[in-house]
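Each residue of the sequence shown is one higher than the one before, starting from 659 at the first, in this note's numbering.
Working notes, beginning with the structure itself.
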Amino acid sequence: MKKLAVLISEAGTGTNLQAIIDAVENKKLRAKIVLVASSSENAYGLQRAKKNNIFIMTVNKKDDLEKILTAYQVDLVALAGWKLIVPLSLINTFKNKVLNLHPGLIPNTMNGVVINPDKTTGIWNRGKLTDIAIQNFLDKKATYAGSTVHFLSEKFDFGKILNRCFEKILPNDTVESLYKRLKKKENQIYVETLIKLCNK
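Written as structure tokens, this is what we have:
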């Protein structure tokens, strides 16, 4: 059974973490969450982990995250709102084992593009955090928003693509209304991706 570590922060409400917990509890995901680590002790996701008797830890820039994950013999690392920079050494040690959910449509190649369901060009949102990324979809008058699950690589906001989702932008959408719908699909594709990686 694969051992998972989920890295969170106070940035979100922990819905991706909860979706992963639920999938494990429902036995859809054959894995064990051995650690939930947060960059802030105020992260709501820590409360979700406690309720499910998952070991939690607060780490900061001074802590050696690579050593911690190695000590727990982690097979996969799922970033779920993690805000601290992930060192290149960790990415290399856990090559193709660190998953990230990016609020944009990352192409398969650095010079490529993603095509939306209506054949328009998808927006990458490279370097943009969630709220700014969602606002950018609206500012650019995109027809679709989207998110991408990928492995971290040495290239910023890029890596092997594992899954994507699209959400049609409605005329009166705000950041809140659009992200509320997109978030549900993000939860779904994150769990789907972990199932593919863990249930082999």
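All residues carry an ideal CB built from backbone N, CA and C; glycine is no exception.
All of these numbers come straight from a predicted model, not from anything done at the bench.
(message) So leucine 727 and alanine 663 are supposed to be a Cβ contact under 8 angstroms. How far apart are they, rounded?
(response) 6 angstroms
Length of the line joining the Cα atoms of valine 717 and glycine 670: 17 angstroms
Name the DSSP bridge partner or partners of glycine 804?
Phe824
| query | Per DSSP, serine 696 is paired with what? | reply | Ile666 and Thr716
#### Entry: Beta-carbon separation (whole angstroms), alanine 695 vs methionine 715, contact threshold 8 angstroms
5 angstroms
| task | May I ask which residues mark the beginning and end of the beta strand (DSSP E) holding alanine 791? | result | Here alanine 791 belongs to no beta strand (DSSP E); instead the alpha helix (DSSP H) covers 788-797.
*Looking at the structure shown, is valine 833 part of a helix, part of a strand, or coil, going by DSSP?*
helix
Any idea if proline 761 is buried or exposed, counting beta-carbon neighbours within 10 angstroms, 16 or more meaning buried?
-> buried
inquiry  = If contact is defined by three or more beta carbon pairs under 8 angstroms, each pair taking one atom from either stretch, is the segment 799-814 in contact with the segment 824-836?
reply    = yes
What three-state label does DSSP hand threonine 778 in the structure shown?
coil
Please go through the same chain and pick out, in chain order, the residues whose beta-carbon is closer than 6 angstroms to the beta-carbon of alanine 681, but skip the five residues on each side of it.
-> Leu687 and Val849
>> Going by the DSSP bridge assignment, what does isoleucine 847 pair with across the sheet?
In response: Answer is none; isoleucine 847 lacks a bridge partner.
Under 8 angstroms, do isoleucine 666 and alanine 738 count as touching if we go by C-beta distance? yes
request  = Please state if the CB of leucine 734 and the CB of lysine 755 are separated by a distance shorter than 8 angstroms.
outcome  = yes
Discussion item. Since threonine 751 and glutamate 724 should fall inside the 8 angstroms C-beta cutoff, what is the C-beta to C-beta distance between them, to a whole number of angstroms?
Written reply: 6 angstroms
Looking only at its chain, what residues have a beta carbon closer than 8 angstroms to the beta carbon of serine 811, apart from the 5 residues adjacent to it on each side? Ile749, Gly817 and Lys818
| query | Which residues bound the alpha helix (DSSP H) around valine 735? | reply | Unbroken run through valine 735 is the beta strand (DSSP E), 734-737; no alpha helix (DSSP H).
- Message: Residues in the same chain with beta-carbon distance under 7 angstroms from lysine 841, minus the five sequence neighbours each way, listed in chain order, please.
- Response: Thr673
- isoleucine 792 versus aspartate 721 - alpha carbon distance: 32 angstroms
- Closer than 8 angstroms by C-beta to lysine 660: which residues in its own chain qualify, once you throw out the five before and the five after it? Chain order, please. Arg688, Ala689, Lys690, Asp733, Leu734, Leu855 and Cys856
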